[in-house]
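Structure record follows, encoded as structure tokens.
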Amino acid sequence: EKNGFYVDNEKRGRHALHHAGAFYIQEPSAMFTVNSHNFKGNEKVLDMCASPGGKTIQIANRIPNGVLVSNEFVKSRSSVLYSNVERMGLKNVIITNESPSNLATAYANTFDVCLVDAPCSGEGMFRRGEDVVKEWNENLPKMCAERQLEILDSADKVLKQGGVLIYSTCTYSIEENENVVKTFMQNYGYEIVNINAPFSRGIDLEDSVRLYPHIVKGEGQFVAVLKKVKENDLVPSICLKLKEDKNAQKFIQKHINIEEISKKYEDFECFIKKFGNYSYFVPDVSLIKKDVNYVSVGVKLGEDLKDRFEPDHYIFSAFGEYFKLKLNLKLNDEKVLKYLKGETFETDLSDGYGAIFVEGCSLGGFKISKEKFKNHYPKGLRNLK
């Protein structure tokens, strides 16, 4: 990973640039999974088992002109996924909290690429501590393999003909790795794509890759890339009709430089839709379906309250660079720590909503009213130490 670096600072998660989404901490071997496929940049992609979000962040940056549906079945973990996507300010990610089978119905024959980073027995993570080892038992690989094949059945349904399936685990188990891939290929008609990488080859499946901690600076990992050969005639479910949001549009016209943002997103205001009580920048309305549980349908812009539009933190992390009002700070400026603690400070900016930056990265939002600074950094994210 050319954009990957090793760090050893235990307090890295409290760093101001971490709050600003300048970097994400990810296990080194896990970074290879997304890098095993050469993305074109405009694909529709599904990350089937996405939390906490490292691979989602990688994919989203690989497809600047594409859209990613990022799914997590466990509700509490889907919240973690959302918080990481929000912190990174990703503009092309839709988040769902669904079972793979429900996604297969809603998104049949829809995606160019599907990533299944499958739940597994975790043998590749044994070095992390005794708790990981204690969770393992001799029946676990077989149970996991059965579940993995069920997930892959859904992955097959969502892929278009010619689509790419990336399958990965963090285990050494042949039952969950090579055997699962071979069974799936035989039953569903897939071709394996050779991963051209300087790592150990799969066991009796040379086009796949195994990463071992005694060879690479990371934990255990298995990756296989498959191409869908057969055509299916499955039809996706109908789209949900989303209405335009006038209040959000008025806020954006007042506080955001429309001319600048339109250079990147032509007819930007057409992407602004109402979903529930909130306003969103929806990157692809065709991917918003009925009977799907959405954590987010895109960038949450804010909420319509009775007397005003209340902007959300996500609008500042995603579109901070386009706000008319900006406050640019250096990393060592005392205002950075004050902001992260939710405090106020003096500034000579004019009235309005704006984005605060640290070393060029959007940290969050603020409001100036009658020369008073109101801190809009979310209470749940404030660094109090």
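First residue of the sequence shown? That's 38 in my numbering, and the numbers climb one at a time after it. Here a beta-carbon is modelled for each residue, glycine too, at the ideal position from N, C-alpha and C. Just so you know, these numbers come straight off a predicted model, no measurement behind them.
Asked, Found
"Where do the N-terminal and C-terminal ends of the alpha helix (DSSP H) with L377 fall, by residue?", "E371 to L377"
"Under the DSSP definition of a beta bridge, which residues are partnered with C151?", "L83 and L202"
"Could you check where the beta strand (DSSP E) with S107 kicks off and where it finishes?", "V104 to N108"
"Just the Cα atoms here: how many angstroms apart are L364 and N420?", "19 Å"
"Using a Cβ-Cβ cut-off of 6 Å (strictly less than) and excluding sequence neighbours within five positions of S115, which residues of its own chain qualify?", "E109, N134 and V332"
"Tell me, to the nearest whole angstrom, how far the beta carbon of I203 is from that of L152; I am working on the premise that it is less than 8 Å.", "5 Å"
"Do you know offhand how far S237's Cα is from Y225's?", "26 Å"
"Which whole runs of the beta strand (DSSP E) in the region 244-281 are 3 residues long or more, in chain order?", "258-265"
"Is DSSP giving R238 helix, strand or coil here?", "strand"
"Is there contact between the region 352-359 and the region 371-382, where contact requires at least three CB pairs shorter than 8 Å?", "no"
"Using beta-carbon positions only, say whether F288 and F346 come within less than 8 Å of one another.", "yes"
"Between L7 and K311, which are expected to be in contact by the criterion C-beta below 8 Å, what is the C-beta distance as a whole number of angstroms?", "This structure cannot speak to residue 7, because the chain is shown only from 38 to 422."
"Check the DSSP bridge columns for K194 and list the partner residues they point to.", "Per DSSP, none; premise fails for K194."
"Does the region 206-217 come into contact with the region 77-95, if we say contact requires no fewer than three beta-carbon pairs (one atom in each stretch) closer than 8 Å?", "no"
"Could you give the distance in angstroms between the alpha-carbon of E160 and the alpha-carbon of F259?", "11 Å"
"Can you grab the Cα-Cα spacing for the pair G379 / K409, in whole Å?", "14 Å"
"With a CB to CB cut of under 6 Å and the five nearest residues on each side skipped, what residues in its chain are close to L366?", "K372, V373 and V395"
"Can you tell me whether M85 is buried or exposed? The criterion is at least 16 other CB atoms within 10 Å of its CB, across all chains shown.", "buried"
"Check whether the Cβ atoms of K197 and L271 lie closer than 8 Å to each other.", "no"
"Please say whether H292 and K343 have beta carbons closer to each other than 8 Å?", "no"
"Can you pull the DSSP bridge partners for C398?", "V395"
"Nearest to N72 by CA position, among V104, M222 and A234, is which residue?", "A234"
"Which whole-angstrom value is the C-beta distance of M428 and G41, which I expect to be below 8 Å?", "For residue 428 there is no data in the structure shown, the boundaries of the chain being 38 and 422."
"Going by Cα to Cα distance, which pick from D341, S274, L263 and H413 is closest to K147?", "It is worth fixing the name first, because residue 147 is Thr in this sequence and not Lys. Among D341, S274, L263 and H413, the Cα nearest to that of T147 belongs to S274."
"Short of 7 Å in beta carbon distance, which residues of its chain neighbour S399, apart from the five on each side in sequence? Order them along the chain.", "A57, G126, F353, S354, G357, E358 and A392"
"Provide the residue span of the beta strand (DSSP E) that contains P348, from first to last.", "F346 to P348"
"May I ask you to report which of helix, strand or coil DSSP gives K411?", "strand"
"Indicate whether H256 and S88 have their beta-carbon atoms separated by less than 8 Å.", "Rather than His, the amino acid found at residue 256 in this sequence is Glu. Result no, Cβ atoms of E256 and S88 do not sit closer than 8 Å."
"Looking at the structure shown, is N134 part of a helix, part of a strand, or coil, going by DSSP?", "coil"
"With DSSP as the reference, label L127 as helix, strand or coil.", "coil"
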